[in-house]
Amino acid sequence: MVAMANPVILTIDDDPAVSRAVARDLRRHYGDRYRVVRAGSGPEALDALREIKLRGEQVSLLLADHRMPEMTGVEFLEAAMDLFPAARRVLLTAYADTDAAIDAINVVDLDHYLLKPWHPPEEKLYPVVDTLLDAWAATPDASAAELRVVGHRWSAPSFAVRDFLARNLVPYRWLLADDPEGARLLAAAGAGEADVPLVVTAEGKTAVAPTETELAALVGLTVAPAEDFYDLVVVGGGPAGLGAAVYGASEGLRTVLVERRATGGQAGQSSRIENYLGFPEGVSGAQLTDRARRQALKFGAELLTTREVVGLTDAGSARVLDFGDGSRIAAHTVVLATGVAYRVLDAPGLAGLTGRGVFYGSTATEAPSCVDQDVYIVGGANSAGQAAVHFSRYATRVHVLIRGADLTASMSRYLIDQLDRIDSVQVHPHTVVAGGEGDDHLERLTLRDTRTGETRTVDASWLFIFIGAEPRTDWLDGTLVRDRRGFVVTGPDLVAGGRRPPGWSLSRDPYHLETSLPGVFAAGDVRAESVKRVASAVGEGAMAVSLVHRYLEAQ
2 MVAMANPVIL
12 TIDDDPAVSR
22 AVARDLRRHY
32 GDRYRVVRAG
42 SGPEALDALR
52 EIKLRGEQVS
62 LLLADHRMPE
72 MTGVEFLEAA
82 MDLFPAARRV
92 LLTAYADTDA
102 AIDAINVVDL
112 DHYLLKPWHP
122 PEEKLYPVVD
132 TLLDAWAATP
142 DASAAELRVV
152 GHRWSAPSFA
162 VRDFLARNLV
172 PYRWLLADDP
182 EGARLLAAAG
192 AGEADVPLVV
202 TAEGKTAVAP
212 TETELAALVG
222 LTVAPAEDFY
232 DLVVVGGGPA
242 GLGAAVYGAS
252 EGLRTVLVER
262 RATGGQAGQS
272 SRIENYLGFP
282 EGVSGAQLTD
292 RARRQALKFG
302 AELLTTREVV
312 GLTDAGSARV
322 LDFGDGSRIA
332 AHTVVLATGV
342 AYRVLDAPGL
352 AGLTGRGVFY
362 GSTATEAPSC
372 VDQDVYIVGG
382 ANSAGQAAVH
392 FSRYATRVHV
402 LIRGADLTAS
412 MSRYLIDQLD
422 RIDSVQVHPH
432 TVVAGGEGDD
442 HLERLTLRDT
452 RTGETRTVDA
462 SWLFIFIGAE
472 PRTDWLDGTL
482 VRDRRGFVVT
492 GPDLVAGGRR
502 PPGWSLSRDP
512 YHLETSLPGV
522 FAAGDVRAES
532 VKRVASAVGE
542 GAMAVSLVHR
552 YLEAQ
């Protein structure tokens, strides 16, 4: 067996003396574990990255000087993200360029900037690089450098595997079953074209049509808790859940976050969030999720994937959560942050085409396949607007279908203004999808004017649906008080006419985010009357932890 090459640390500086010094210091400390490569310009470094990519090797760290004549460090890092998105990014800059470095934090999701000179390296270079390399090594792609997925273009199970990997930030290479390399992998695994999807790891392990739990274990995601009892269990890995996990673990609580599919929730699918505090240039949902996930792990929180919670029980001083596989976990306290799901579009023909041209939410895996085609988006809220902006970079035309007269009732002004400036985006008011049809994938849509009832048929292979929001709380029926739409009622809203909720066992009223079961809190979109924004969800996750402390201190 051929040994895997050491991961690459790439340094770029047009000053030969500085370039040699950086490479020397890095080789001295990391040369036994990493291959240090240096380049004298941005274009030269990009050529080196392309060669590294072709050889199937990994890049762990990019350290680029900012002031270079052909291509600035920021411009290089932005281009390098397309080749090695998981590599950690550092800008080497003079004190006068710190403003550019700070801007780069948002433009290229910069991990750190180092001021010249960086001596002594033991104090100013190595601690920074150590932290970044540890973070890189902890990401799934570090252990699955060449994960390959073989499938059919319009196969719903193949799409499900690709979507799961993308949402969990696991890079992979997509191969069609009828391509030569895809066919060779199928033959080597003793499988045929009908057996897709096939997943092959870098070590040669294979799985045919794996379940999400099997796939998670295959790529190194954690699926089983390390303990039976915790101080805090967070259910749901969206912004509210990640916020609760970060604050809970950082404040010394034994914390585990349980997610049924992938961290990030709906926010994690957003191509760019532009109204989140501290990111004036915007930040992708995947980038924000990755940072929050790493932060939670840094403080010691456990993150479990593909574990669906199906029951909640009051067991005296403990709260017990039942998983779908029959196992269970217990804790002193629980934060429910399960978010919401998009409603199913009930129109003839669509159900059978889900994953084959009909998709719920924004799927980054599909955007490159929409080049030179029309894309249809259903919905008028921010998530639909963000998707329209994203798909406009690929599609010939993006059609946004809304029931109302315009977008002002449900979409933020900044997004409306963006859409107005994009010529390829067309908003269709008073329009709904009345049906869809196609053989192996979506081929046509029937659209209806809600004012006149008139219908028309359009050729369409891509439909992305962002309608409404339904909380995932059926499993709490009979356990917690919910409103008529299924959102969890908390705090003062539980006290009606001075009377506490039925079964309430304490002498005090429920805390602000506390549910009708003491010690169980709700945060984010799942909570009744919450503000449906990423920032407020993160804030509620943090607030829930402060209330958890108050609850524990009173026990």
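Under this note's numbering, residues 2 to 556 are what the sequence shown spells out, in order.
Glycine is no exception: its CB is placed at the ideal position from the N, C-alpha and C atoms.
This structure is a prediction, so every number in the text was calculated from the model and none was measured.
DSSP places V259 within a strand segment (E or B) once states are collapsed to three. If you draw a straight line from the Cα of I274 to the Cα of L337, it comes to about 24 Å. According to DSSP, E303 shares a beta bridge with V257. The shortest C-alpha to C-alpha distance from E455 to any of V434, E471, V38, E194 is the one to V434. Spanning the alpha carbons of R414 and D407 requires a straight line of approximately 12 Å. Between S370 and F465 the beta-carbon gap is near 12 Å, outside 8 Å, which marks them as no contact. According to DSSP, A332 shares a beta bridge with Y231, R320. When beta bridges are read from the DSSP output, D66 appears opposite L93. As computed with DSSP, F522 is found in a beta bridge with V336, E515. Segment contact: the region 323-335 against the region 218-231, three or more CB-CB distances shorter than 8 Å; contact assigned. Judged by their CB atoms, G358 and S462 are nearer to each other than the 7 Å cut-off. Around the C-beta of Q556, fewer than 16 other C-beta atoms lie within 10 Å, and the residue is accordingly described as exposed.
With contact defined as three or more Cβ pairs closer than 8 Å, the region 206-224 and the region 234-246 are not in contact. R273 carries a coil assignment under DSSP once its states are collapsed to helix, strand and coil. Secondary structure of F160 (DSSP, three-state): helix.
Under DSSP, the beta-bridge partners assigned to V434 are L448. Less than 7 Å divides the Cβ of L27 from the Cβ of V37. Annotated three-state conformation of Y377 is strand, per DSSP. The residues Y173, in chain order, have a CB closer than 6 Å to that of L166 in the same chain once the five nearest residues on each side in sequence are set aside.
Rounded to the nearest angstrom, the gap between the Cα atoms of S42 and L313 is 58 Å. Minimum Cα-Cα distance from G266 among the listed residues L289, I468, H431 corresponds to L289. Excluding sequence positions up to five before and after F488, its CB lies within less than 6 Å of the CB of P472, A529, all in the same chain and listed in chain order.
If you draw a 10 Å sphere on the C-beta of T409, you find fewer than 16 other C-beta atoms in it, and that means exposed. Taking 7 Å as the cut-off, the beta carbon of D526 is found closer than this to the beta carbon of V341. DSSP places W476 in the helix class (H, G or I) of the three-state scheme. Distances from the alpha-carbon of L278 to those of N169, S537, Q59, A218 put S537 closest.
For A40, the pairing in a beta bridge is given by DSSP as I13. Straight through space, the alpha carbons of I53 and A81 are spaced by roughly 12 Å.
Between L548 and Y512, the CB-CB gap stays under 7 Å.
DSSP, reduced to helix, strand and coil, places W137 within a helical segment of the structure shown.
It is roughly 28 Å from the alpha-carbon of T516 to the alpha-carbon of Q270. For Q288, DSSP assigns no beta-bridge partner whatsoever. For the pair D373 and E444, the Cα-to-Cα distance works out to about 15 Å. Comparing alpha carbon positions, the residue from L351, V259, T355, I378 closest to D323 is V259.
Under the three-state reduction of DSSP, V490 is assigned to coil, being neither helix nor strand. Comparing C-alpha distances from L64 to each of E58, A87, V23 shows the shortest one belongs to V23.
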